[in-house]
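Peer 1: Numbering (our numbering), first residue to last: 1 to 637.
The beta-carbon is built from N, C-alpha and C at its ideal position, and this holds for glycine as well.
First the structure, then my questions, so here it is.
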Amino acid sequence: MSPYSTWPEERLTTLQIMMDAVSAVIMRPGTDRFARRLESLTHNSADYVPDGESRLKLRHLNNDRTAFDDVMDAEPPVDYTAVSDPESQIVRAHRYFTTEVSQWLGEPDTADFSDRSEALATVLQTHLQLVTIELSAAENSQEIFETLNARRTPLTAADLVRNFVFQRIEAEGGDTKRTYDEVWPFETKFWAKEVSVGRYFVSRSSLFLNQWLAAQVSEEVSPQSTFTRFKAFVEHDSSMRVVDLLPVIKAQADLYEAWTVKAARTEGSLDRTSMAVYRMSANVSEILKPVLLWLHDPTHPLPAEVVDGVIDAFESWVQRRQLLRLPSSDLGRVVADVIRLHRTAPAEELVQRVTSHLARLKVTSTYWPGDDEIRSALSTELAYRRFSRARLRAMLEAIENEYRSETKQPQIERSGLPIEHILPQKWRDAWPVSDDDEAARQDRVHRLGNLTLLTTSLNSKVSNGAWSAKRDDLLKHNTVKLTGRLLELTQEADWNETLIDQRTGEMTSAILRVWPVPDGHTGQVADPQAKAQDWIQIKHLVEAGFLTDGDTLHATHREHVGATATVTRNGIEVAGRVYTSPSGASRHFRNNATNGWYFWALSDGRRLADVRAEFLESKTTTRCSRHEYLDQSPRGT
């Protein structure tokens, strides 16, 4: 069986399994002649097969070969526990057909069973029709394959890529069998596993190819477009033959698998990349996977400290936004922009360039929040209620590891340690306060400063009991610095609201150290009301010095890569014509409605929307400064 053609070989495999399962079920006295008819469709006569060779008419070349051979050659009735891999998809399919056919045939050794066996065997042998398509040498089998696929249940992106890749390798004169056996990496359970992406599940192989492609073409690629964009990349964008490109893909796929496996382990300290993968998993986010693949491109190796520095910047940007529960829908565009603009940057400049790019973002959908905003939000945030358990635990682990780094201790284990409320959720019985103070106490139950990690869960009686007894039990968990530092705070007083606030501030400071921003970065965004008050045009940005007459603008849309325009005092010039609005200039290329503020970018990567946000911010600052001056003026002046 071809390792790279997915259709119709997968259908032939299904038919062979079904026929063999039916044959095995009816291989009994009285109906065995019907079973032998079907066996002739799946097995060659022993008279025509050399000694020691398989009698199977259809053979596999991929990882399912052993399971397929085992179940197809098994003596009826088939013992599925005796095959080499009982959980193989091949074996499970055979078992499924056996179950369904047995139920339909009814009780053996009855007239109904015999009649139905004959009818089923006859249908499969004489009434099942297959369609073959014969192509001339000038016809493209891949295009026909894609057309057929589009009109039935779609294959995964990885299935389509596999078929296309090996068709190309065959056309290039490459050794498809050797390449499949030694280079194609996606035929294992790891890659077949379905993973969640938003509301959908996709195979891990398809997700990897999407993220690898996004890193290669510096674009957001929707999961539905993975195959078509991969095909376009191979045919138009890449200078490499597929037979040479595939080892590059395999090298990064192997790294990707290693990161994922390592991040899933509960013990042992993680390197910077694997820790980023672990935190993405906890946050149910894949946004930075293209960044990791870009930084670990084997054709452009980077020093470890550069890789770590870029990950630090990106992770801080994403994590801070997640702490504030800001939208993430526009972050993929920023990731693509950074890769596109800084792909060829000198290694010694890359961290600074990426950091500066992220720090320049000024719009709500993409900005990098500053320390003050994070501190203000977490001071009253009901962290236990607002964040998923996995995300909250990863946050507490990050704080713990920050504390441990001070004494160079290993990272805390990632085994789903229980999260404990110090002031219990059910506090009224053992921690009573006056009616006037109840609201203040309840407000602090779920705050960050009232939470810690434990190595084992506390007995519920102790957990909800008085502080004196609970403190003694917490002493057993002093291997966790989060808990140890908490106990240090209570040497002079019982656990109370003041200490919860104090500890919330200390833990927030640790978070700000784990995910820092550049010195002086405040994370300001433009006043949304300012945009409504003023109709901003390019000439306003030039007059204010945010753009310069003669600046070159670059199109960011993938269909118009390379297209440029020039800033003038009156607007944007394209092909000798001046447009007063960015959208008008973008319409020159796209011929439909386009938001030009996002279509055009400066050479440093800032889109016009970012420049406009900086301009609006400056106006807001000026307006506020003027109001402060008036407020300080003597009355009546």
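#1: Let me know the secondary structure DSSP gives G571 once reduced to three states.
#2: Comparing C-alpha positions only, which one of A35, L58, R33, T31 sits nearest to N44?
#3: So R391 is in the alpha helix (DSSP H); what residue range does that whole segment cover?
#4: What span of residues does the beta strand (DSSP E) with T452 cover, start to end?
#5: Report back the beta-carbon spacing between I169 and A93 to the nearest angstrom; my notes put them in contact at under 8 angstroms.
#6: Who are the near neighbours of V574 in its chain, counting only those whose CB is closer than 6 angstroms to its CB and skipping five residues on each side?
#7: Is the beta carbon of I538 less than 8 angstroms from the beta carbon of V517?
#8: Can you tell me which of the three DSSP states V578 falls into?
#9: What are the boundary residues of the alpha helix (DSSP H) that V91 is part of?
#10: Please work out which residues of its chain come closer than 6 angstroms, Cβ to Cβ, to P298, disregarding the five sequence neighbours upstream and downstream, and give them in chain order.
#11: What is the rounded straight-line gap between the Cα of V165 and the Cα of T156?
#12: Can you grab the Cα-Cα spacing for the pair N450 / A304, in whole Å?
#13: Under a Cβ-count criterion, where at least 16 other Cβ atoms within 10 Å of its own Cβ denotes burial, should F201 be classed as buried or exposed?
#14: How many Å lie between S203 and S196 at the Cα?
#15: Have a look at A82 and P76 and give me their C-alpha separation to the nearest angstrom.
#16: Quick one: grab the DSSP three-state call for L155.
#17: Evaluate A127 with the Cβ neighbour count: other Cβ atoms within 10 Å of its Cβ, from every protein chain shown; 16 or more gives buried, anything less gives exposed.
#18: Is it buried or exposed, D109, if we count other Cβ atoms within 10 angstroms and call 16 or more buried?
#19: Classify E39 as buried or exposed, calling it buried when 16 or more other Cβ atoms lie within 10 Å of its own Cβ.
#20: Mapping DSSP to helix, strand and coil, what is H43?
#21: Taking DSSP as the reference, what is the three-state secondary structure of S196?
#22: For T490, which residues from the same chain have a beta carbon less than 6 angstroms from its beta carbon, with the 5 sequence-adjacent residues on both sides left out?
#23: What's the call for G562, buried or exposed, on a 16-neighbour Cβ count within 10 Å?
#24: Ignore the nearest five residues each way along the sequence and tell me which others in G106's own chain have a CB closer than 8 angstroms to its CB.
#25: Rounded to a whole number of angstroms, what is the C-alpha to C-alpha distance between R404 and E397?
#26: What are the start and end residues of the alpha helix (DSSP H) that includes E644?
#27: DSSP three-state label for W640, please.
#28: For F68, collect the residues of the same chain with a Cβ closer than 6 angstroms to its Cβ; drop the 5 residues on either side in sequence, then sort them by chain order.
#29: Please check the pair L487 and L475, which I expect to be a contact at CB under 8 angstroms, by giving their CB distance rounded to whole angstroms.
#30: Beta carbon of N591, beta carbon of V578: below 8 angstroms?
#31: Among the residues of its own chain, which have a CB less than 7 angstroms from the CB of A383, if the five just before and after it don't count?
#32: Hey, Y367 and G523: beta-carbon distance below 8 angstroms or not?
Peer 2: In short, the structure shows the following:
#1: Translated into the one-based positions of the sequence shown, residue 571 becomes position 571. The answer is strand: DSSP assigns G571 an E or B state.
#2: Position 44 of the sequence shown holds residue 44. Checked all of A35, L58, R33, T31; the closest Cα to N44 is L58.
#3: If you number the sequence shown from 1, residue 391 lands on position 391. Per DSSP, R391 belongs to the alpha helix (DSSP H) from 389 to 405.
#4: Within the sequence shown, numbered from 1, the residue matching residue 452 stands at position 452. That run of the beta strand (DSSP E) goes 451 to 453.
#5: As a working mapping, residue 169 is identified with position 169 in the sequence shown. As a working mapping, residue 93 is identified with position 93 in the sequence shown. No, I169 and A93 are not in contact; Cβ-Cβ is about 29 angstroms, not under 8 angstroms.
#6: The residue labelled residue 574 in the question sits at position 574 within the sequence shown. So the list reads A565, A585, H588, once near-sequence residues are dropped.
#7: Start at 1 with the first residue of the sequence shown, and residue 538 comes out as number 538. Start at 1 with the first residue of the sequence shown, and residue 517 comes out as number 517. In this structure, V517 does not lie closer than 8 angstroms to I538 by Cβ.
#8: Here residue 578 refers to the residue found at position 578 when the sequence shown is read from its first residue. Residue state, collapsed to three classes: strand.
#9: Numbered from 1 along the sequence shown, position 91 holds the residue referred to as residue 91. Residues 89 to 105.
#10: Taking the first residue of the sequence shown as position 1, residue 298 is located at position 298. So the list reads A251, once near-sequence residues are dropped.
#11: Against the sequence shown, residue 165 aligns to sequence position 165. Against the sequence shown, residue 156 aligns to sequence position 156. V165 and T156: Cα-Cα distance of roughly 14 angstroms.
#12: As a first step, residue 450 is located in the sequence shown; it is residue number 450 there, counting from the start. As a first step, residue 304 is located in the sequence shown; it is residue number 304 there, counting from the start. Cα to Cα, the separation comes out at about 37 angstroms.
#13: Locating residue 201 in the sequence shown gives position 201, counting from the first residue. It counts as exposed.
#14: As a working mapping, residue 203 is identified with position 203 in the sequence shown. As a working mapping, residue 196 is identified with position 196 in the sequence shown. Going by the C-alpha atoms only, they are around 9 angstroms apart.
#15: Counted from its first residue, the sequence shown places residue 82 at position 82. Counted from its first residue, the sequence shown places residue 76 at position 76. When rounded, the distance between both Cα atoms is 12 angstroms.
#16: If you number the sequence shown from 1, residue 155 lands on position 155. Three-state result, L155: coil.
#17: The residue given as residue 127 occupies position 127 in the sequence shown. Just to set this straight, residue 127 is His in the shown sequence, not Ala. Under this definition H127 is an exposed residue.
#18: Locating residue 109 in the sequence shown gives position 109, counting from the first residue. Flag for D109 reads exposed.
#19: If you number the sequence shown from 1, residue 39 lands on position 39. The residue in question, E39, is buried, as its Cβ has 16 or more Cβ neighbours within 10 Å.
#20: The residue labelled residue 43 in the question sits at position 43 within the sequence shown. The answer is strand: DSSP assigns H43 an E or B state.
#21: Along the sequence shown, one-based indexing puts residue 196 at 196. Correct three-state label for S196: strand.
#22: Mapped onto the sequence shown, residue 490 falls at position 490. Nothing listed; no residue qualifies.
#23: Within the sequence shown, residue 562 is the residue found at index 562, counting from 1. The residue is exposed, with fewer than 16 neighbouring Cβ atoms inside 10 Å.
#24: Mapped onto the sequence shown, residue 106 falls at position 106. Counting only Cβ-Cβ distances below 8 angstroms, and skipping sequence neighbours, we find D112, F113, R116.
#25: In the sequence shown, the residue the question calls residue 404 occupies position 404. In the sequence shown, the residue the question calls residue 397 occupies position 397. Between R404 and E397, the C-alpha separation is close to 10 angstroms.
#26: Residue 644 is absent from the structure shown; the chain starts at 1 and stops at 637.
#27: There is simply no residue 640 to check, as the chain begins at 1 and stops at 637 in what is shown.
#28: Translated into the one-based positions of the sequence shown, residue 68 becomes position 68. Excluding positions up to five away in sequence, the list reads H60, I90.
#29: Counted from its first residue, the sequence shown places residue 487 at position 487. Counted from its first residue, the sequence shown places residue 475 at position 475. The Cβ separation is near 7 angstroms, so the contact holds.
#30: Translated into positions along the sequence shown, residue 591 becomes position 591. Translated into positions along the sequence shown, residue 578 becomes position 578. No, the pair does not count as a contact, with Cβ atoms beyond the cut-off.
#31: As a working mapping, residue 383 is identified with position 383 in the sequence shown. Contacts found: L392, H446, R447, L448, L451.
#32: If you number the sequence shown from 1, residue 367 lands on position 367. If you number the sequence shown from 1, residue 523 lands on position 523. It is a contact, given that the beta carbons lie within the stated cut-off.
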